[in-house]
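*Asks:* Those protein sequence lines, which keep their order, are chains L, X and G. The letter at position 42 of the first sequence is residue 42 when you use my numbering, and the numbering goes up by one with no holes. In short: position in the second sequence from 1, add 161, done, that's my numbering. In short: position in the third sequence from 1, add 322, done, that's my numbering. Backbone N, C-alpha and C define an ideal beta-carbon position, used for all residues, glycine too. The structure presented is a predicted model; accordingly, all values stated were derived computationally and were not measured. Take a look at this one; I'll ask things after.
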Amino acid sequence: MPKIRDKLAALGLEIPGPIQLPPGMVLPFAWVRVRGNRVYVSGHIALDADGRVAEPLGKVGAEVSEDEAYQVARRVALAALGSIEREIGDLDRISAWLRVFGMVNTAPDFNRYPVVVNGYSDLILELFGPDIGNHARSAVGLAGLPFGTPVEIEAEVEIDG
Amino acid sequence: MPKIRDKLAALGLEIPGPIQLPPGMVLPFAWVRVRGNRVYVSGHIALDADGRVAEPLGKVGAEVSEDEAYQVARRVALAALGSIEREIGDLDRISAWLRVFGMVNTAPDFNRYPVVVNGYSDLILELFGPDIGNHARSAVGLAGLPFGTPVEIEAEVEIDG
Amino acid sequence: MPKIRDKLAALGLEIPGPIQLPPGMVLPFAWVRVRGNRVYVSGHIALDADGRVAEPLGKVGAEVSEDEAYQVARRVALAALGSIEREIGDLDRISAWLRVFGMVNTAPDFNRYPVVVNGYSDLILELFGPDIGNHARSAVGLAGLPFGTPVEIEAEVEIDG
Numbered sequence: 001m002p003k004i005r006d007k008l009a010a011l012g013l014e015i016p017g018p019i020q021l022p023p024g025m026v027l028p029f030a031w032v033r034v035r036g037n038r039v040y041v042s043g044h045i046a047l048d049a050d051g052r053v054a055e056p057l058g059k060v061g062a063e064v065s066e067d068e069a070y071q072v073a074r075r076v077a078l079a080a081l082g083s084i085e086r087e088i089g090d091l092d093r094i095s096a097w098l099r100v101f102g103m104v105n106t107a108p109d110f111n112r113y114p115v116v117v118n119g120y121s122d123l124i125l126e127l128f129g130p131d132i133g134n135h136a137r138s139a140v141g142l143a144g145l146p147f148g149t150p151v152e153i154e155a156e157v158e159i160d161g
Numbered sequence: 162m163p164k165i166r167d168k169l170a171a172l173g174l175e176i177p178g179p180i181q182l183p184p185g186m187v188l189p190f191a192w193v194r195v196r197g198n199r200v201y202v203s204g205h206i207a208l209d210a211d212g213r214v215a216e217p218l219g220k221v222g223a224e225v226s227e228d229e230a231y232q233v234a235r236r237v238a239l240a241a242l243g244s245i246e247r248e249i250g251d252l253d254r255i256s257a258w259l260r261v262f263g264m265v266n267t268a269p270d271f272n273r274y275p276v277v278v279n280g281y282s283d284l285i286l287e288l289f290g291p292d293i294g295n296h297a298r299s300a301v302g303l304a305g306l307p308f309g310t311p312v313e314i315e316a317e318v319e320i321d322g
Numbered sequence: 323m324p325k326i327r328d329k330l331a332a333l334g335l336e337i338p339g340p341i342q343l344p345p346g347m348v349l350p351f352a353w354v355r356v357r358g359n360r361v362y363v364s365g366h367i368a369l370d371a372d373g374r375v376a377e378p379l380g381k382v383g384a385e386v387s388e389d390e391a392y393q394v395a396r397r398v399a400l401a402a403l404g405s406i407e408r409e410i411g412d413l414d415r416i417s418a419w420l421r422v423f424g425m426v427n428t429a430p431d432f433n434r435y436p437v438v439v440n441g442y443s444d445l446i447l448e449l450f451g452p453d454i455g456n457h458a459r460s461a462v463g464l465a466g467l468p469f470g471t472p473v474e475i476e477a478e479v480e481i482d483g
């Protein structure tokens, strides 16, 4: 099977660097917490290549369209893969995706959250295939997300011992 | 101990079929993801017997009353049990409920989310008893849920090896 | 290493008693669910010493300031530690914090949820140190929380076998 890194390259996708926080904001926790064969992935947001918080910002259904939000969710997956890779060394160590919790910064009249979070799920399934990539999921509307980002996604995955 | 299916029948409760999505909506993930002895249950909503999204729709505290929402949460449990059963074959394989995350589509002035999500917890405890059915839980107010459903609930359970 | 209880005493911090629910509210689930070496911690809120829901109540960014909310999150950690201790007997049995899910009851224009939830993370890291205390985390804005509390936090931790 081709390696995940090769698949990303074939798709022309780039993994962003670690998040660059605004001055004065300190986040003391781990972006990825590994324990045994379980990997807990903090809520990630879309980042530019240099790790800065990506645009567009705003609420989905108002400042951000559904199609844009799908692309944001896809970029959230790339940011999460970056954090996982920096922690476990090689994305091919992932043996199963388990849980994806998709949070959409929602305008009052929008509720197509599953379609938005498909941006994340579709990329994971494309990269890892149906056996490893499959996952339980929720996709719901939040009242607000950090930095006003439109999509934040938390996950849990399994790695080989 | 009576089987879970027998208890459901004695209570006159029916497990709905798999969700029937509206035309044009594709959900690529698993409703239930099993790995080892852990079962990750995607966010479920209330369904009619044929799997269609159940009414009432709307925000709890506005279009949907607290009592109605309790009944919705109870039906969410039935939908989740259906997905679990289709994946693991027999609900009696469940050895422990672990985590329930209850999300209520909330009107601005409503906050009795725990009372609503009790509709789910009460049924699980009635069916599985206090040892297997007990679970950690959160019950909180969301800004929106898919299809405008009033309650969505995610869970994690343990099965025998 | 000093025991967690000794560190709490040195910091002058008190663990509150079990939550005292308002009359007529029954919560049938476990505040902490232990299974094997995994501890699932229900969503906790800030409590007074006698277990009553603590003030301030309200939305962060409106009735409750960011600084106040940081302190609330710190008190949420103390309430969670109380529930964990009552279940496992000794907080020194915790071998790893895994996942923290921080929920902030948000005013429309507030989004500095990570700064608020740092009140919880900072205390956990101070008490348990960087190896045991580190955790994956999300910090997001909810439309509402039970009792109108400003912060609710769910967690998962590991204990020795």
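1. Is Ser460(G) near Glu156(L), with beta carbons less than 8 Å apart?
2. Using DSSP with H/G/I as helix, E/B as strand and the rest coil, what is Gly332(X)?
3. Give the DSSP-derived three-state secondary structure of Gly294(X) in the structure shown.
4. Under DSSP, the beta strand (DSSP E) around Ile255(X) begins and ends at which residues?
5. Out of Ala238(X), Val195(X), Trp258(X), point me to the one whose CA is closest to Met264(X)'s CA.
6. Which of the three DSSP states, helix, strand or coil, is assigned to Leu413(G)?
7. Considering Ile165(X), what are the terminal residues of the alpha helix (DSSP H) in which it resides?
8. Return the first residue and the last residue of the beta strand (DSSP E) that Gly148(L) is part of.
9. What are the residues of the region 165-177 of chain X that lie near chain L, defined by any Cβ-Cβ distance shorter than 7 Å?
10. Per DSSP, what kind of secondary structure is Ile475(G) in: helix, strand or coil?
11. Going by the beta-carbon positions, is the gap between Ser244(X) and Glu315(X) smaller than 8 Å?
12. Determine the DSSP secondary structure at Val202(X), reduced to helix, strand or coil.
13. When DSSP labels each residue in this structure, what does Leu288(X) get in the three-state scheme?
14. Is the beta carbon of Tyr281(X) sitting closer than 8 Å to the one on Ala234(X)?
15. Tell me which residue opens and which closes the beta strand (DSSP E) that Arg35(L) is part of.
16. Can you give me the Cβ contacts of Phe29(L) inside the same chain, cut-off strictly under 7 Å, excluding the 5 residues immediately before and after it?
17. Out of curiosity, what's the CA-to-CA distance linking Met186(X) and Pro16(L)?
18. In three-state DSSP terms, what is Val187(X)?
19. Comparing alpha-carbon positions, which option in Ala368(G), Gly380(G), Asp389(G), Ile454(G) lies nearest Phe271(X)?
20. Which whole-angstrom value describes the C-beta separation of Ala49(L) and Glu14(L), a residue pair presumed to lie in contact below a C-beta threshold of 8 Å?
21. Tell me the DSSP secondary structure of Glu66(L) in three-state form.
22. How would you list, in chain order, the residues of chain X whose beta-carbon sits under 7 Å from the beta-carbon of Ala352(G)?
23. I want to verify the contact list: residues of chain G whose CB lies under 9 Å from the CB of Val151(L), in sequence order.
24. Sorted by chain position, which residues of the same chain lie with C-beta nearer than 8 Å to Ile132(L)'s C-beta, five sequence neighbours on each side aside?
25. Identify every residue that forms a DSSP beta bridge with Ser138(L).
26. Quick one: which chain L residues come within Cβ less than 7 Å of Ala465(G)?
27. Note down, in chain order, each residue of its chain lying with its Cβ closer than 8 Å to the Cβ of Gly305(X), except the 5 sequence neighbours on either side.
28. At the 8 Å Cβ level, is Phe329(X) part of the contact set with chain L, yes or no?
29. Can you check whether the CB of Gln393(G) is closer than 8 Å to the CB of Gly373(G)?
30. Could you tell me the distance, in whole angstroms, from the CA atom of Ala54(L) to the CA atom of Trp31(L)?
31. Does DSSP classify Glu55(L) as helix, strand or coil?
32. Output, in chain order, the set of chain L residues within a Cβ distance shorter than 8 Å of Val422(G).
33. Less than 8 Å between the CB atoms is what I'm expecting for Ile4(L) and Leu91(L), so what's the real figure, rounded?
34. Taking the alpha carbon of Asn134(L) as the point to measure from, which residue in Gly148(L), Glu66(L), Arg99(L), Pro146(L) has its own alpha carbon closest?
35. Would a C-beta distance cut-off of 8 Å place Leu123(L) and Ala79(L) closer than the cut-off?
36. Taking only three categories from DSSP, how would you classify Glu246(X)?
*Replies:* From the atom records:
1. no
2. This structure does not reach residue 332(X), given that chain X is present from 162 up to 322, and the question cannot be answered.
3. helix
4. 255-266
5. Ala238(X)
6. helix
7. 165-171
8. Here Gly148(L) belongs to no beta strand (DSSP E), and DSSP marks it neither H nor E.
9. none
10. strand
11. no
12. strand
13. helix
14. yes
15. 32-35
16. Ser42
17. 30 Å
18. coil
19. Gly380(G)
20. 6 Å
21. helix
22. Asn295, His296, Ala297
23. Neighbours of Val151(L) on chain G: none; closest Cβ ~11 Å, over 9 Å.
24. Ile94, Ser95, Ala96, Trp97
25. Phe101(L)
26. Ala143
27. Asn266
28. Shown here, chain X extends from 162 to 322; a query on residue 329(X) therefore has no answer.
29. no
30. 17 Å
31. coil
32. Phe29
33. 4 Å
34. Arg99(L)
35. no
36. helix
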